[in-house]
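K.L.:
I have a structure I would like to understand better, so I am pasting it below and will then ask my questions one at a time.
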Amino acid sequence: MLDLAGEIGQYCTKLLADLGADVIKVEPPDGDPVRNLPPFFHDEPGPEHSLYWWNLNTNKRSVTLSLGSEGGRDVFRKLAATADVIVESFEPGYLDELGLGYEKLCQIRPDIILTSVTGFGQTGPHSRYKAPDIVGVAMAGTMWLAGDPQDPPNLPPWKQGYISSSIVTAAGTLIALCYRDLHGEGQHVDVSMQEALSLTQETAMQTWDMLQVLRVRNGSRGIIPIDIPGIGVYETSDGHVYGYVGTPGGATWADLLAWMADEGKAEDLTEEPYADVCRNLTLRFLSGIATDPEAAKKVSFFPHVNEVLRRFVKSKSKWEMYEQAQSRRLLFGIVSTPEDIAKNPQLRYKKWLTPVEHPELGQTLQYPGGPYELSETPWAIRRRPPLAGEHTDEVLREIGISDGERRALSAKGVV
Amino acid sequence: MKAKRPLEGLKVADFSWFGAGPICANHLATYGATVVRIESETHIDALRTVAPFAKGKTGYNVSGYFNNFNAAKLSITLNLNTEQGRELAMKIVAWADVFLTNITPRVIERWGLTYNKLVEVNPKIIAAYQPMQGYEGPHRDFLGFGAVLTPITGYNYLSGFPNRPPFGLGTNYPDYVINPGHTLIAILAALHYRNKTGKGQRIECAQLPSSVAPLGPAIFDYTANGRVAMRSGNGLPYAVPHNAFKCRPLSNSGLPVDQRWIAIACFSEEEWRALAAAMGSPEWAADGRFSTLEARKASEAELEAKISEWTADKDAYELMRDLQSRGAAAGVVQSAREILDVDEHMKERGYYVYLDHPETGRAAYDGPPFKLSKTPGELCAPAPLLGEHTEYVCKKLLGLGDEKIAELLVAGALQ
Chain P
591 MLDLAGEIGQ
601 YCTKLLADLG
611 ADVIKVEPPD
621 GDPVRNLPPF
631 FHDEPGPEHS
641 LYWWNLNTNK
651 RSVTLSLGSE
661 GGRDVFRKLA
671 ATADVIVESF
681 EPGYLDELGL
691 GYEKLCQIRP
701 DIILTSVTGF
711 GQTGPHSRYK
721 APDIVGVAMA
731 GTMWLAGDPQ
741 DPPNLPPWKQ
751 GYISSSIVTA
761 AGTLIALCYR
771 DLHGEGQHVD
781 VSMQEALSLT
791 QETAMQTWDM
801 LQVLRVRNGS
811 RGIIPIDIPG
821 IGVYETSDGH
831 VYGYVGTPGG
841 ATWADLLAWM
851 ADEGKAEDLT
861 EEPYADVCRN
871 LTLRFLSGIA
881 TDPEAAKKVS
891 FFPHVNEVLR
901 RFVKSKSKWE
911 MYEQAQSRRL
921 LFGIVSTPED
931 IAKNPQLRYK
941 KWLTPVEHPE
951 LGQTLQYPGG
961 PYELSETPWA
971 IRRRPPLAGE
981 HTDEVLREIG
991 ISDGERRALS
1001 AKGVV
Chain S
9 MKAKRPLEGL
19 KVADFSWFGA
29 GPICANHLAT
39 YGATVVRIES
49 ETHIDALRTV
59 APFAKGKTGY
69 NVSGYFNNFN
79 AAKLSITLNL
89 NTEQGRELAM
99 KIVAWADVFL
109 TNITPRVIER
119 WGLTYNKLVE
129 VNPKIIAAYQ
139 PMQGYEGPHR
149 DFLGFGAVLT
159 PITGYNYLSG
169 FPNRPPFGLG
179 TNYPDYVINP
189 GHTLIAILAA
199 LHYRNKTGKG
209 QRIECAQLPS
219 SVAPLGPAIF
229 DYTANGRVAM
239 RSGNGLPYAV
249 PHNAFKCRPL
259 SNSGLPVDQR
269 WIAIACFSEE
279 EWRALAAAMG
289 SPEWAADGRF
299 STLEARKASE
309 AELEAKISEW
319 TADKDAYELM
329 RDLQSRGAAA
339 GVVQSAREIL
349 DVDEHMKERG
359 YYVYLDHPET
369 GRAAYDGPPF
379 KLSKTPGELC
389 APAPLLGEHT
399 EYVCKKLLGL
409 GDEKIAELLV
419 AGALQ
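Quick note, the sequences are listed as chains P and S, same order. 591 is the number of the first residue of the first sequence in this note's numbering; add one for each residue after it. 9 is the number of the first residue of the second sequence in this note's numbering; add one for each residue after it.
Structure, rendered in structure tokens:
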């Protein structure tokens, strides 16, 4: 695989490299600009220090090559002749201008799969729009649903538009590859960030289509219209947990009340009218609120019930609350910080953090692990992310460019 | 002539429910696989009972939430709590190339649908499991649900403004692209491997690691630097401005439903100059406080206030077109209303697909997530009614006779 992709596509090529593809990253002579993005190892900026870039480029090899020169394009054509897949994210039409568009690549390698991933795809009036991550999540409806009504719509963290684009790009590439396995034909795969993100609107698209009702951002409530005790964010002594008590398969509010009472923290919730409210805080009851006047009366007791619950949760640490609630089959989840994730017992059991040696630093770093486990073809980091141009010589040799030719190309600044 | 779809001939046994599983199988169906969705009348997929429902309609077949994730599948209603129901399930497994489930491990074990059981009837099966936490490990039996998975996996802590509670992205975010997408990638990679070697395998795409992986840089920053990154609003350290700005609303209600916002991002000096030019090159923009990225970062709040003042009476779409034509990145923070009804680009690309459904009538569905030039995806049918294809699946796919089907119905194995 040849990886020409910018930030939008690098998680895609990482996913495939981590599953065993030989991904050759083609970087410009001064290196991939994404190498300059933070966070940096020990906060020392530099192209060989970016944790952000390292995380996206495990298992890849790096070739530095100027596509702007004819000599560089010649080398690229030789590379393309040996490739199954090329992933790119240039502005639509740019590869055509270089004489490296899909049709031209087919002349070099008839069954090539060319995958293009951009903000808005290869066609349509917005196809040449500038589309950093924030523009993608804005135009796709993801931001519209996120945040407190007093704030601007919220940006999802760590470039989720690029992540979704990359996931969809990897899936599209693999379907094209599976088709090629059986029929011998390659093709051009076209991915738009806006389309890749559409499903993150949850039910907003259908709610508008079916009912002409618009879902809006409403802070902590999400899809639920009123504050319901046991649902939402609760403060603990050291952070937060998120509750969703009463959902199918889990324990009920009655069980939660019994737990609070066991610990002597139920206050007056064991007395009427609150005990009755707690016993009846079921999904069936909640779905009847709108039509049942008796139910509506009970809603007026919700704030007090919620206050007592808040005091109960506040008396525990976030890990205590998470693990103790779960052991009672009460649906609470810890609001994890990055540290909590690194220390999560389940992820530790799975050996999710993955040690990778960086000989240049004299250190072994704990890398974020993979999304899945495959029994026959396991996910693995076999190779640390490459230094810029680390494999230029090696790869050029593999495609039959002699050391002499290579030195000449190097002198001209082509590689 | 209708183009061939790339996964035609692939057979999928979809034992999943809710979001993460069904969406994964939905993509397989879109690209040509025959997907049998195993449902139950005793344990209805809860999404069939969740809003939005087609206007004025009730019942299990009219949820836009469910229908959007299940287009073109065949629905069979099977009671897996009966011996004969489980026998029939194994017949479906024997028929299938791919098995998929996100049902909790305890239940899958009780039903005898673990990988070692599946390979007894189908040694080449690709079996994908999406447990919440994993089939092994200390949190194996913890309850899960998208709403709680989102905080557990770090999205809540890392999303939004630091002065707000960690309420997340307003949706069950990882359910829609990340978890179904990762699982799809693993299944397709396994299929590619099977095409080459004839071997199937077991996939575990536990939703905990799968959802955490896209937040890799934040976790890496902790393991390498010891920093616990916090949610930081809509900014980026290396782009100013980088936020959403309020534009002219649709009315003066002040309600989120009537608001219009535009995302604007400047990474380079060229982009900043383009934005300043669009603003009419005001004197303040030439001030030293805004002359470099570092300076703009230091004066970001002041800069944002000035930009907000400028965008407040502008039409968001006109502004987007103007800024994009000048080379500055901008995108309207669109709602579902705009994406379905206003966005000319989405219309031209034909992303959303309108399908006639016998109970909901015509309704919008998310279309193919990527475009393949030779073998495009297509939604060939709307979502199935509950149990609509029970007889078809038994007769045509499994080859059962009328008598056997009647026997299974009487025994309560089929519903």
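All C-beta atoms, glycine included, are put in the ideal place defined by N, C-alpha and C.
Quick one, which of S:VAL44, S:VAL248, S:LEU331, S:ALA303 has its alpha-carbon nearest S:ILE100's?
P.N.:
The shortest C-alpha separation from S:ILE100 is found at S:VAL44.
K.L.:
Going by alpha carbons, who is nearest to P:LEU655 out of P:LEU937, P:ALA885, P:LYS668, P:GLY636?
P.N.:
Checking every option, the nearest Cα to that of P:LEU655 belongs to P:LYS668.
K.L.:
Can you list, in chain order, the residues of the segment 739-765 of chain P whose Cβ is nearer than 8 angstroms to any Cβ on chain S?
P.N.:
Those residues of the segment 739-765 of chain P that come within reach of chain S (Cβ to Cβ, closer than 8 angstroms) are PRO739, ASP741, PRO742, PRO743, ASN744, LEU745, PRO746, PRO747, TRP748, GLN750, ILE753, SER754, ILE757, VAL758, THR759, ALA760, ALA761, GLY762, LEU764, ILE765.
K.L.:
Compile a chain-ordered list of the residues in the segment 931-965 of chain P whose CB is closer than 8 angstroms to at least one CB of chain S.
P.N.:
Answer set for the segment 931-965 of chain P: ILE931, ALA932, ASN934, PRO935, GLN936, LEU937, TYR939, LYS940, TRP942, LEU943, LEU955, GLN956, TYR957, PRO958, GLY959, GLY960, PRO961, TYR962, GLU963, LEU964, SER965.
K.L.:
By Cβ distance, which residues of its chain are closer than 7 angstroms to S:THR398, with the 5 residues on each side in sequence left out?
P.N.:
Excluding positions up to five away in sequence, the list reads ILE84, THR85, LEU422.
K.L.:
Taking the beta strand (DSSP E) that S:ASN251 belongs to, which residues open and close that run?
P.N.:
250-254 is the span of the beta strand (DSSP E), which, as asked, contains S:ASN251.
K.L.:
Using C-beta distances below 7 angstroms, list every residue in its chain close to P:PRO819, excluding the 5 sequence neighbours before and after it, in chain order.
P.N.:
Same-chain partners within the cutoff: LEU871, PHE892, VAL895, ASN896, LEU899.
K.L.:
Any Cβ of chain P within less than 8 angstroms of the Cβ of S:ALA338?
P.N.:
Answer yes: the Cβ-Cβ gap between S:ALA338 and chain P drops below 8 angstroms somewhere.
K.L.:
What are the boundary residues of the beta strand (DSSP E) that includes S:ARG172?
P.N.:
Segment: none, S:ARG172 is in no beta strand (DSSP E) and carries neither H nor E.
K.L.:
Among P:LEU592, P:ASP852, P:ALA736, which one has its Cα closest to the Cα of S:GLY241?
P.N.:
Out of P:LEU592, P:ASP852, P:ALA736, P:ALA736 has the C-alpha closest to the C-alpha of S:GLY241.
K.L.:
From the DSSP secondary-structure annotation, give me the bridge partner or partners of P:VAL831.
P.N.:
Looking at the DSSP assignment, P:VAL831 forms a beta bridge with P:TYR824, P:ILE924.
K.L.:
In the DSSP assignment, what are the bridge partners of S:GLY434?
P.N.:
Examination of residue 434 of chain S is not possible in this model, given that chain S is present from 9 through 423 alone.
K.L.:
Indicate whether P:THR842 and P:LEU921 have their beta-carbon atoms separated by less than 8 angstroms.
P.N.:
Taking 8 angstroms as the Cβ cut-off, P:THR842 and P:LEU921 do not qualify as a contacting pair.
K.L.:
When you compare the segment 215-231 of chain S with the segment 166-186 of chain S, are there three or more beta-carbon pairs, one atom per stretch, that lie closer than 8 angstroms?
P.N.:
Flag = yes, the segment 215-231 of chain S and the segment 166-186 of chain S touch.
K.L.:
Determine whether the Cβ of P:LYS694 lies closer than 8 angstroms to any Cβ atom of chain S.
P.N.:
No, P:LYS694 lies away from the interface with chain S (no Cβ there is under 8 angstroms from its Cβ).
K.L.:
Let me check one thing: in DSSP terms, what residues is S:TRP119 bridge-paired to?
P.N.:
The partner list for S:TRP119 (beta bridge, DSSP) is empty, contrary to what the question assumes.
K.L.:
Give, in chain order, every unbroken run of the alpha helix (DSSP H) that is at least 4 residues long and sits entirely within the segment 624-689 of chain P.
P.N.:
Fully enclosed alpha helix (DSSP H) runs of 4 or longer: 641-646, 660-671, 684-687.
K.L.:
Does any CB atom of chain S fall closer than 8 angstroms to the CB of P:LYS720?
P.N.:
So yes, P:LYS720 belongs to the interface.
K.L.:
Name the chain S residues that come within less than 8 angstroms of P:GLU678, Cβ to Cβ?
P.N.:
Ordered by position in chain S, no residue passes the 8 angstroms Cβ test against P:GLU678, which lies about 14 angstroms from the chain.
K.L.:
If you drop the 5 nearest sequence neighbours on each side, which residues of the same chain put their C-beta closer than 8 angstroms to that of S:THR50?
P.N.:
Excluding sequence neighbours, S:THR50 sits near ASN87, ASN89, GLN423.
K.L.:
Taking 7 angstroms as the cut-off, is the beta-carbon of P:LEU986 closer than that to any non-hydrogen atom of the ligand GTP?
P.N.:
Absence of the ligand GTP from the depicted structure is noted, as is the absence of any ligand whatsoever, leaving it without description.
K.L.:
How many angstroms separate the CA atom of S:ALA286 from the CA atom of P:GLU947?
P.N.:
Each residue's alpha carbon lies about 49 angstroms from the other.
K.L.:
What residues in the segment 637-658 of chain P bring their beta carbon closer than 7 angstroms to a beta carbon of chain S?
P.N.:
Cβ contacts with chain S: LEU641, TYR642, ASN645.
K.L.:
For S:ALA419, I'd like the list of residues in its chain whose CB is within less than 6 angstroms of its CB, leaving aside the five on either flank, ordered along the chain.
P.N.:
Closer than 6 angstroms at the Cβ level, and outside the excluded window around S:ALA419, lie GLN92.
K.L.:
When the cut-off is 8 angstroms and only beta carbons count, does P:HIS778 lie next to chain S?
P.N.:
Output row for P:HIS778: interface = yes.
K.L.:
In or out: S:ARG13 buried (at least 16 other Cβ within 10 Å) or exposed?
P.N.:
Buried.
K.L.:
Could you give the distance in angstroms between the alpha-carbon of P:ASP620 and the alpha-carbon of P:GLY1003?
P.N.:
Roughly 10 angstroms between the two C-alpha positions.
K.L.:
Classify S:LYS355 as helix, strand or coil using the three-state DSSP reduction.
P.N.:
Residue state, collapsed to three classes: helix.
K.L.:
Can you find the residues in the same chain that come closer than 7 angstroms, C-beta to C-beta, to P:ASN671, ignoring five residues on each side of it along the sequence?
P.N.:
The displayed chain sequence assigns Ala, not Asn, to residue 671 of chain P. ILE698, ARG699, listed in sequence order.
K.L.:
For the 8 angstroms Cβ check, are there 3 or more pairs between the segment 601-616 of chain P and the segment 642-654 of chain P?
P.N.:
Yes, since at least three Cβ pairs between the segment 601-616 of chain P and the segment 642-654 of chain P fall closer than 8 angstroms, the two stretches touch.
K.L.:
Identify every run of the alpha helix (DSSP H) within the segment 182-224 of chain S, keeping only runs that are complete inside it and at least 4 residues long; order them along the chain.
P.N.:
Runs of the alpha helix (DSSP H) inside the segment 182-224 of chain S: 186-205, 215-220.
K.L.:
May I ask you to report which of helix, strand or coil DSSP gives S:PRO14?
P.N.:
S:PRO14 falls in the coil class under three-state DSSP.
K.L.:
Exposed or buried, which one is S:TYR362 when buried takes at least 16 other CB atoms within 10 Å?
P.N.:
Classification for S:TYR362: exposed.
K.L.:
By how many angstroms is the C-alpha of S:ALA309 removed from the C-alpha of S:ASP295?
P.N.:
Spanning the two alpha carbons is a distance of roughly 15 angstroms.
K.L.:
Just verifying my parser: in three-state terms, what is the DSSP assignment at S:SER434?
P.N.:
With chain S represented from 9 up to 423, any question about residue 434 of chain S goes unanswered, as that position is not in the structure.
K.L.:
Which value, in whole angstroms, describes the spacing of the CA atoms of P:VAL790 and P:ARG770?
P.N.:
Rather than Val, the amino acid found at residue 790 of chain P in this sequence is Thr. Their Cα atoms are separated by approximately 30 angstroms.
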